[in-house]
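*Asks:* Numbering (the numbering used here), first residue to last: 75 to 215.
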Ligand SMILES: [Zn+2]
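1) Once the 5 residues before and after residue 177 are set aside, which same chain residues still bring their CB inside 6 Å of it?
2) Sort 112, 188, 101, 131 by Cα distance to residue 120 and report the nearest one.
3) When you compare the stretch 81-90 with the stretch 142-160, are there three or more beta-carbon pairs, one atom per stretch, that lie closer than 8 Å?
4) Would you tell me roughly how many angstroms separate the C-alpha atoms of residue 183 and residue 137, rounded to the nearest one?
5) Who are the Cβ neighbours of residue 116 in its own chain at under 6 Å, not counting the five residues just before and after it?
6) If we ignore side chains and look at the alpha-carbon of each, how far apart do residue 195 and residue 97 end up?
7) For residue 79 and residue 180, I'd like the C-alpha separation in whole angstroms.
8) What are the partner residues of residue 140, as DSSP defines its beta bridges?
9) Do residue 171 and residue 133 have their C-beta atoms closer together than 7 Å?
10) Does any heavy atom of ligand 1 sit closer than 6 Å to the C-beta of residue 125?
11) Beta carbon of residue 219: closer than 6 Å to some heavy atom of ligand 1?
12) With a threshold of 6 Å on Cβ separation, who are the neighbours of residue 215 within its own chain once the five nearest residues in sequence on each side are excluded?
13) Looking at the secondary structure, which residues open and close the beta strand (DSSP E) in which residue 156 lies?
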């Protein structure tokens, strides 16, 4: 979102395989797929379990808590749809799946690998929403 309040973040590209994920984000829920044969959690959304190749899955809610597994600060090329610095972060959720997202509400110099974060949601163009992560209350930031 720009300083004038205009939402500029691009909307997610919906497919039959990922629509459930983005629909949940619109409701303020972070979800993932769980294989109904072997129980493995998986992200990003895809039709087949990478472990047992089952096509049967259920969608479960996640707590939205995790830690920073890795991150990068994106400088160039700048896209006018985003506010800089953009922090791309791989978040390891407490349930064990990793989600590639953005870190928000933190000065980049205060980011540490392993720091606790929690999910938040940001609006996109075309009335969408994306999960992002912010420092967990009480964490350094
Ligand atoms: Zn499986």
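Even glycine gets a Cβ: it sits at the ideal position worked out from N, Cα and C.
*Replies:* On the basis of the coordinates in this document:
1) So the list reads 161, 163, 207, once near-sequence residues are dropped.
2) Considering only alpha carbons, the answer is 131.
3) Taking a cut-off of 8 Å for Cβ pairs, the stretch 81-90 and the stretch 142-160 touch, as three or more such pairs fall below it.
4) Approximately 27 Å, taken between the alpha carbons.
5) Excluding positions up to five away in sequence, the list reads 107.
6) When rounded, the distance between both Cα atoms is 12 Å.
7) Their backbone Cα atoms lie some 20 Å apart in a straight line.
8) Per DSSP, 167, 191.
9) By the CB criterion at 7 Å, residue 171 and residue 133 fall outside the cutoff.
10) Checking every heavy atom of ligand 1 against the Cβ of residue 125, one is found closer than 6 Å.
11) It is not possible to answer for residue 219, since the shown part of the chain is limited to 75 through 215.
12) The predicted position of residue 215 is uncertain, since its pLDDT is 46 and thus under 50; a value taken from the coordinates is nonetheless stated next. Correct list, in chain order: 180, 184, 209.
13) Following the DSSP letters along the chain, one finds residue 156 in no beta strand (DSSP E), marked with neither H nor E.
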